[in-house]
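Read through the structure below, which is laid out as structure tokens, and then see the notes.
Chains as they are written, first to last, in my numbering: chain A, 143 to 487; chain B, 143 to 487.
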């Protein structure tokens, strides 16, 4: 089959990889229809995080092509959303709502095929895949379903971790696809005030579309002052950190009001938690790898009825053969997030 | 009046200080009956944190001796518990449940008199002091009311911040008075399993009395293994950090299960938050200076009806003139916590 192949930093090609086959009775084979590039893929692409050479990509939706003998809830032809990690749905951590930490779980890679390829072997298919009801979904809906695979759930996790609820005052640090999704998530959770930090007009537009009530173009200490200026000098109840750098985490803690929360989902790079702010201002920190498999069922209905449209983060698209372009567009910040059309829906 | 005086590290004396008087119409003057020494006072005593020379002590109960003209809820003769900070009860942060961050609040010191002295001027008295109903309380009840001034509320804050609830599996790092109070708090909040880390037999006894179901005498990595051994290898849902050292915070994060929380109330000294554990295992961090004024009303009834007895942390007592002994006993770990009898009840 055709698939994107990670050869090393800055070097993505598209070539032949073995077609995955059922190995365990709990496996399913999914033929990928849409995939995309994650901000975390960029860390690999830029050589800032390690990635094994070979299969790459962990966000995809597609059609079940085959199921193992122990799979009971899925059948050939089902249209499914795959979360970015697989999980059994039955272990103590899954049952506690933490499928990303499933005791039998794992991620996509050379052993399964990557999401940026024609087919993926999905272990623990019953616990992992979400069957999408209905048929004939519009392309807009399909794009939004793809966003549930990771980016929307990750933004949602920032907001949930930050304790966003009805009436909350929120700020989002980071105007990448995750940050924009966090804006949408905060809106869905009932936030009254949503301050987006962005200096990019296209991203500001998406932020507004997603529910941002205020946009701040400043950075660093000027951004902190601007957020305080909008919040009676107190800062926000929930500061959502969606970047992962030391500076962004620092900003998030500074704009959080005493007693507030930092909801953090950025993969940390040189990030230092200001423990004095935690203790002396009671600013909590929570977040991390999103429990996508938990959130997808909560969000699926909202996507299908059009009440949320997380697929708006995709502003670049290409086909599987041009996957390197999809990376380059994001790397050069020409795109918020790149969608890859892999196969027929 | 007589009062303890901080002259510098290792140097506490008892001497004369000016009798406090009403300065603002919202003030009250409280004649202290019982006071005590806080673990944080020890940081000053040991020279590990700065303290202004002069008045010291922030935990006390007593009798209202005078009130300013604007005080409406208190009168001369009222028996009150004072939280370790004063607060107005009306600002946005107080109303949000964070009186320790009151926009008009502050702490006890030279401007007010310290808790380890015969009298204290209490600013914002209506918002700060809690009137205790009834009369003729037993000495046990009085000791437990004194514990509400700080230590019990701080332990309670660790447990609340750690998300302890009915059925939780909890571990408490630290067997000082705050750690023991955190055990009692976890029990009150319905924790099913409470693992106390302590190698001191007297403190183990109090921990058991307060509701600890398991005691672990190991430290460092051996303690981590022991906690995992008691929790199916997963660790605890809530790890309560009640020490404030780098090692104790490290232990707390290691014994927390994925998706769990560290509830931290120790004043940080060289503490580094393992951000990778936060993000890759979804272990949250919350806690800090306790909102005692919020918790005291919740806990007061339980103290008065005897269903909690936080005063058991006091295992040394003396009078005001012997306050230096109270410090020495804690400094030398002869005492968990020292009570000071200041004046007649």
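By construction, the Cβ of each residue, glycine as well, lies at the ideal position given by its N, Cα and C atoms.
Put residue 401 (chain B) into one of helix, strand or coil per three-state DSSP.
Residue 401 (chain B) falls in the strand class under three-state DSSP.
Taking Cβ-Cβ distances shorter than 8 Å, what residues in chain A pair up with residue 413 (chain B)?
Ordered by position in chain A, the residues that pass the 8 Å Cβ test against residue 413 (chain B) are 417.
Going by DSSP, what residue range makes up the alpha helix (DSSP H) through residue 330 (chain B)?
Where residue 330 (chain B) is concerned, the enclosing alpha helix (DSSP H) stretches over 319-330.
Where does residue 435 (chain A) sit, in a helix, a strand or coil, going by DSSP?
Note: residue 435 (chain A) maps to helix in three-state DSSP.
Would you verify that the beta carbon of residue 335 (chain A) is, or is not, closer than 7 Å to some beta carbon of chain B?
Output row for residue 335 (chain A): interface = no.
Shortest alpha-carbon distance to residue 360 (chain A) belongs to which of A:216, A:287, A:276, A:339?
Considering only alpha carbons, the answer is A:339.
Scan the region 222-243 of chain B for residues whose Cβ lies nearer than 9 Å to a Cβ of chain A and list them as they occur along the chain.
Within the region 222-243 of chain B, the qualifying residues are 234, 235, 238, 239, 240, 242, 243.
Sort out for me which residues DSSP pairs residue 303 (chain A) with in a bridge.
Looking at the DSSP assignment, residue 303 (chain A) forms no beta bridge with any residue, so it has no partner.
Answer with buried or exposed for residue 273 (chain B), where buried requires no fewer than 16 other C-beta atoms within 10 angstroms of its C-beta.
Burial call: exposed.
Residues of chain B with CB closer than 8 Å to the CB of residue 422 (chain A), please, in chain order.
Here the neighbours are 430, 431.
Just to confirm the assignment, what range does the beta strand (DSSP E) spanning residue 457 (chain B) have?
Where residue 457 (chain B) is concerned, the enclosing beta strand (DSSP E) stretches over 456-461.
Taking only the alpha-carbon atoms, compute the straight-line gap between residue 401 (chain A) and residue 429 (chain B) and give it to the nearest angstrom.
Answer to the nearest angstrom: the Cα atoms are 9 Å apart.
Taking the CB atoms as reference points, tell me whether residue 335 (chain B) and residue 311 (chain B) lie closer together than 7 Å.
Yes, Cβ-Cβ distance for residue 335 (chain B) and residue 311 (chain B) is below 7 Å.
Tell me the DSSP bridge mates of residue 193 (chain B)?
Beta-bridge pairing links residue 193 (chain B) to no other residue.
Using only the alpha-carbon positions, how far apart do residue 208 (chain B) and residue 321 (chain B) sit?
Cα to Cα, residue 208 (chain B) sits roughly 36 Å from residue 321 (chain B).
Since residue 396 (chain B) sits in a beta bridge, which residues does DSSP pair it with?
In DSSP, residue 396 (chain B) forms no bridge with anything.
Helix, strand or coil, according to DSSP, for residue 296 (chain A) in the structure here?
Reduced to three states, the DSSP call for residue 296 (chain A) is helix.
Taking Cβ positions only, does residue 401 (chain B) come closer than 7 Å to chain A?
Residue 401 (chain B) counts as touching chain A.
Is it right to say residue 189 (chain A) is buried, meaning 16 or more other beta carbons lie within 10 angstroms of its own, or is it exposed?
So residue 189 (chain A) ends up on the exposed side.
Under 6 Å Cβ to Cβ from residue 309 (chain B), same chain only, skipping five residues before and after it: list those, please.
For residue 309 (chain B), where only same-chain residues beyond five positions count, the Cβ hits under 6 Å are 334.
Does any residue of chain A bring its CB to less than 7 Å from the CB of residue 271 (chain B)?
Judged by the 7 Å Cβ criterion, residue 271 (chain B) is not in contact with chain A.
Name the one or two DSSP bridge partners that residue 178 (chain B) has.
Bridge partners of residue 178 (chain B): B:481.
Going by DSSP in three states, residue 221 (chain A) sits in which element: helix, strand or coil?
Strand at residue 221 (chain A).
Using DSSP with H/G/I as helix, E/B as strand and the rest coil, what is residue 285 (chain B)?
Looking at residue 285 (chain B) - three-state DSSP - the assignment turns out to be helix.
What does residue 409 (chain B) touch in chain A if you count any residue whose Cβ is under 9 Å from its own?
Here the neighbours are 421, 422.
Give the secondary structure of residue 279 (chain B) by DSSP, where H, G and I count as helix, E and B as strand, and everything else as coil.
Three-state result, residue 279 (chain B): coil.
Just to check, is the beta-carbon of residue 212 (chain B) closer than 6 Å to a non-hydrogen atom of the ligand ATP?
No copy of the ligand ATP appears in this structure; indeed no ligand is present at all.
Beta-carbon within less than 6 Å of residue 324 (chain B)'s beta-carbon, same chain only, minus the 5 sequence neighbours each way: which residues are those?
Cβ neighbours of residue 324 (chain B) beyond the five flanking positions: 297, 300, 301, 314, 382, 384.
What is the DSSP secondary structure of residue 417 (chain A), reduced to helix, strand or coil?
Of the three classes helix, strand and coil, the one that applies to residue 417 (chain A) here is helix, per DSSP.
Does residue 426 (chain A) come within less than 7 Å of chain B when only Cβ atoms are used?
True, the Cβ-Cβ gap to chain B drops below 7 Å.
Between A:326, A:355, A:210, which has its C-alpha nearest residue 165 (chain A)'s C-alpha?
Checked all of A:326, A:355, A:210; the closest Cα to residue 165 (chain A) is A:210.
DSSP puts residue 202 (chain B) in a beta bridge; with which residues?
Residue 202 (chain B) is bridged to B:177, B:224.
In the DSSP assignment, find the alpha helix (DSSP H) that holds residue 166 (chain A) and state where it starts and stops.
Run containing residue 166 (chain A): none; DSSP gives neither H nor E here.
Check whether the region 252-260 of chain A and the region 190-206 of chain A touch, using three or more Cβ-Cβ pairs below 8 Å as the test.
Short answer: they touch.
Apply the 10 Å Cβ neighbour rule to residue 373 (chain A) and answer buried if 16 or more other Cβ atoms are within range, or exposed otherwise.
So residue 373 (chain A) ends up on the buried side.
Which residues in the same chain have their Cβ closer than 8 Å to the Cβ of residue 154 (chain B), if we skip the five residues on either side of it in sequence?
For residue 154 (chain B), where only same-chain residues beyond five positions count, the Cβ hits under 8 Å are 146, 147, 148, 187, 198, 465, 466, 469.
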